[in-house]
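Read through the structure below, which is laid out as C-alpha cells, and then see the notes.
Numbering (our numbering), first residue to last: 561 to 1159.
Given below as C-alpha cells:
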C-alpha cells in the first residue's frame, strides 16, 4: 500500500499494509490556497494518516535515503494551516509590511470619512432618533422624550427641551452609547461632526480589521491591502461612517468577532498540532484528539457578538452563523489531524464547550449593556413589574421581569412594522443595490433657482444628496463573485470560501423572512465587509498561486486585476459627492442615477 505524504514534506518509504483497506490520499488543491479540507471518501473510519504515524514509540519516523526528518508537529502544521500561512510572518520585514499596507489604506479611509464630517449640520434620516437618544443617555442615563418638533432647536445647540419622561425606543443601547461617546469626545452636542464621530471611528477601524483579516485568511499582504482598500472607498461604508446611525456598529462588532474567530482558528490548529504530535510520537492512540484548553479569542468573539446584539437584534444571526462556522473549523481540524471518529470528537471536545462559552458570554454581555436602564429609575417600563404584580414571567426578579416585558413590546414592534415607505426595498435587490436609500435631499437646495442657484452650485438648478449606495462596480462584481465562491465551497471545500460567505449569509439571508416588513437596502452595511472579502477572494483565484504557474501569465493577471481595482476606485471618486452631501448642479446629480430605481 502506498502511504500518503504531505506537500512540501520529503517522501516516505512505503509502509506495509496492515489491512486490505485502501488509503485515500488528499488531492491537490485547484485554488491558490494550500490548506483546504482534503476530500477523503472513507475518512469516517479510516486510520490516522500514514505520514503521521511513528515507526516507533520514541519519535518521528526516519525518512528514506538519508533525507532530513520532518517532525510530526511540522507535518501536522502543514496539513492544518498550509505553507503560506506558516510563512506569512516568518521575517521582521514581512511582519512590518503586514501592518504598513493595512495602515495605509486605513489612513485613506480616515480621510474620506472625517473630511468635513459635520456636513450637513442637520439631523439626517434616523439621526433624529439615535443622536438625540444618545445625548439623553449621556445626561439622563435613559432615553427621555424631547417634546414636539425639537430638531431645529437641537441643531442650533439648544437641548433644554429634553424632558424626564421615558421614550419608547425599539433598539438596545450599545450603538447609542457609541454615538454618545463620540459626542463626548468630539466637542459636545452643538457639533454635528461630534454626532457622527462614533460611526466614523467605527468605519475606520473596520477597514483596518478587514485588511488584517484578509491578510490572515488569504496569507497575502497584497490581498489584505486590496480588501481594505475596497472597503475604504465603498459607498455603503463611507455613508454609514458619516451619519449617526446604528448599523455601522452592527457591522463593526460582527466583523471584530469574525476576526477573533479567524485568529482562534489558527491558534487552535497550532495547539492541536503540538498536542496531537506529542500523542503520536509517544506511540499512544490519538483517540478523540487532545483538549485544546481555554480559547480566549473565541471568548472574545462571544463578548463582541453580545455587543453586536446589544446594538440591534439582527446580531443574533451573526452569533448563530459564526458559532457554527467556528465549530465546523474545529471539526475539520480534527479530521485533518487524523482523529477518528472526528465528528463525535468535535461534538464533545469543541461544539458543546463552544456553544456554552459563546452563547453564555454573548447573553451576559447583552444583559450588561442595559446597565444604565437598571441603574436609573426613569427608563421605559423600568417599574412595570411593581406596577403589575402577578403578570409576566413571575419567577424572575422584578427588574428582569420589567425588562422582559420591554423586550416583548420590542419584539412585537419589529415583527409588525409595515408602515409604507418610498425607499422600502426587498432584500433580493440588496446585493446589487437595486433600491438604495435616499437619506438626504433637501428642498432648500433643490428649490433654488436663478441667481441663488448660480451662487450655490454654478448652474440653474442644484442638488444636495446623501444616498446610501454602494459602489456599483464593486457590488455588481461581488454578486457574481458570490456564485464563484459558492462553487469553490462545494467543489473544493475551501474554508475561505465558506468564511467569506458566512457574513453574507448571517447579514442578508434572514431578512428574506421579513419581506412583509418595512425594510431597507441600507441594512446591507452589516455584511458589506464580507461582500468585499468575497470579491477579494475571487480576485485571488484569478491571479492564482505563484507556484507552478507561468510567471508571464501571472503578471498579466495581476495587471488586469490592478486595473480593475483602479477602476473601482475611480467609480468611488465619481460617486463621492452624492455620498457626502456636496452641493452640485442638478445635471451632475442626475448623471449618477444610472437606474431609475435609484431616484
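Ideal Cβ placement from N, Cα and C applies to all residues, glycine included.
Residue i versus residue j: straight-line alpha-carbon distance, rounded
{"i": "residue 1152", "j": "residue 1021", "result": "16 Å"}
{"i": "residue 1043", "j": "residue 791", "result": "20 Å"}
{"i": "residue 804", "j": "residue 703", "result": "16 Å"}
{"i": "residue 759", "j": "residue 802", "result": "7 Å"}
{"i": "residue 1077", "j": "residue 800", "result": "22 Å"}
{"i": "residue 864", "j": "residue 1089", "result": "16 Å"}
{"i": "residue 748", "j": "residue 754", "result": "6 Å"}
{"i": "residue 840", "j": "residue 788", "result": "41 Å"}
{"i": "residue 1065", "j": "residue 976", "result": "23 Å"}
{"i": "residue 1054", "j": "residue 1048", "result": "6 Å"}
{"i": "residue 662", "j": "residue 868", "result": "24 Å"}
{"i": "residue 967", "j": "residue 830", "result": "42 Å"}
{"i": "residue 682", "j": "residue 1024", "result": "13 Å"}
{"i": "residue 737", "j": "residue 634", "result": "47 Å"}
{"i": "residue 764", "j": "residue 828", "result": "29 Å"}
{"i": "residue 676", "j": "residue 644", "result": "42 Å"}
{"i": "residue 657", "j": "residue 716", "result": "46 Å"}
{"i": "residue 620", "j": "residue 853", "result": "Here the model assigns residue 620 a pLDDT of 42, short of 50, so the residue's position is not dependable, and the following value carries that caveat. Straight-line Cα distance between these residues: approximately 25 Å."}
{"i": "residue 979", "j": "residue 973", "result": "11 Å"}
{"i": "residue 741", "j": "residue 833", "result": "43 Å"}
{"i": "residue 714", "j": "residue 948", "result": "36 Å"}
{"i": "residue 953", "j": "residue 700", "result": "28 Å"}
{"i": "residue 971", "j": "residue 732", "result": "12 Å"}
Which residues DSSP lists as bridging residue i, in chain order
{"i": "residue 1000", "result": "1026"}
{"i": "residue 1144", "result": "1023"}
{"i": "residue 704", "result": "726"}
Three-state class that DSSP yields for residue i in the structure shown
{"i": "residue 863", "result": "helix"}
{"i": "residue 779", "result": "coil"}
{"i": "residue 726", "result": "strand"}
{"i": "residue 654", "result": "helix"}
{"i": "residue 828", "result": "helix"}
{"i": "residue 985", "result": "coil"}
{"i": "residue 770", "result": "helix"}
{"i": "residue 1116", "result": "helix"}
{"i": "residue 1150", "result": "helix"}
{"i": "residue 858", "result": "helix"}
{"i": "residue 661", "result": "helix"}
{"i": "residue 607", "result": "For residue 607, the pLDDT reaches just 41, beneath the cut-off of 50, and the residue's location in the model is therefore unreliable, leaving the point undetermined."}
{"i": "residue 962", "result": "helix"}
{"i": "residue 993", "result": "coil"}
{"i": "residue 850", "result": "coil"}
{"i": "residue 1085", "result": "helix"}
{"i": "residue 844", "result": "coil"}
{"i": "residue 721", "result": "coil"}
{"i": "residue 797", "result": "helix"}
{"i": "residue 889", "result": "helix"}
{"i": "residue 874", "result": "coil"}
{"i": "residue 911", "result": "helix"}
Option nearest residue i by Cα separation, candidates the options
{"i": "residue 1017", "options": "749, 899, 1004", "result": "1004"}
{"i": "residue 774", "options": "786, 634, 1138", "result": "786"}
{"i": "residue 858", "options": "680, 889, 840", "result": "889"}
{"i": "residue 997", "options": "1082, 639, 1048", "result": "1082"}
{"i": "residue 985", "options": "837, 1075, 1147, 674", "result": "1075"}
{"i": "residue 707", "options": "698, 689, 701", "result": "689"}
{"i": "residue 1134", "options": "939, 1154, 932", "result": "1154"}
{"i": "residue 912", "options": "897, 937, 883", "result": "883"}
{"i": "residue 1031", "options": "1060, 994, 1008, 1079", "result": "994"}
{"i": "residue 1136", "options": "793, 666, 721", "result": "793"}
{"i": "residue 981", "options": "1059, 1080, 969, 885", "result": "1080"}
{"i": "residue 1143", "options": "1008, 1156, 1112", "result": "1008"}
{"i": "residue 987", "options": "1084, 1158, 658", "result": "1084"}
{"i": "residue 1159", "options": "1063, 776, 1001", "result": "1001"}
{"i": "residue 642", "options": "777, 723, 746", "result": "777"}
{"i": "residue 782", "options": "796, 923, 885, 655", "result": "655"}
{"i": "residue 885", "options": "905, 850, 915", "result": "915"}
{"i": "residue 939", "options": "1040, 672, 721, 705", "result": "705"}
{"i": "residue 797", "options": "881, 1037, 920, 669", "result": "669"}
Any chain D beta carbon closer than 8 Å to residue i
{"i": "residue 891", "result": "No chain D is present in this structure, which holds just one protein chain."}
Any non-hydrogen atom of the ligand NAP closer than 7 Å to residue i Cβ
{"i": "residue 1117", "result": "Ligands displayed in this structure: none; no statement on the ligand NAP is therefore possible."}
Inter-stretch contact (C-beta, 8 Å, three-pair minimum) for the segment 1079-1097 and the segment 1105-1119: no
Segment contact flag, the segment 1057-1076 with the segment 873-881, C-beta cutoff 8 Å, min 3 pairs: Taking a contact to require three or more Cβ pairs closer than 8 Å, the segment 1057-1076 and the segment 873-881 qualify as touching.
Given 8 Å, three or more beta-carbon pairs between the segment 886-893 and the segment 920-928: With contact defined as three or more Cβ pairs closer than 8 Å, the segment 886-893 and the segment 920-928 are not in contact.
Sufficient close CB pairs (3 or more, under 8 Å) joining the segment 721-731 to the segment 688-700: When C-beta atoms of the segment 721-731 are compared with those of the segment 688-700, three or more pairs fall below 8 Å, so the two segments count as touching.
The segment 1098-1109 / the segment 810-827 touching (three or more Cβ pairs under 8 Å): no
Any 3 or more C-beta pairs closer than 8 Å across the segment 834-848 and the segment 897-904: yes
Stretch pair the segment 933-946 + the segment 959-978: three plus CB contacts closer than 8 Å: Contact between the segment 933-946 and the segment 959-978 is present, because at least three Cβ pairs lie under 8 Å.
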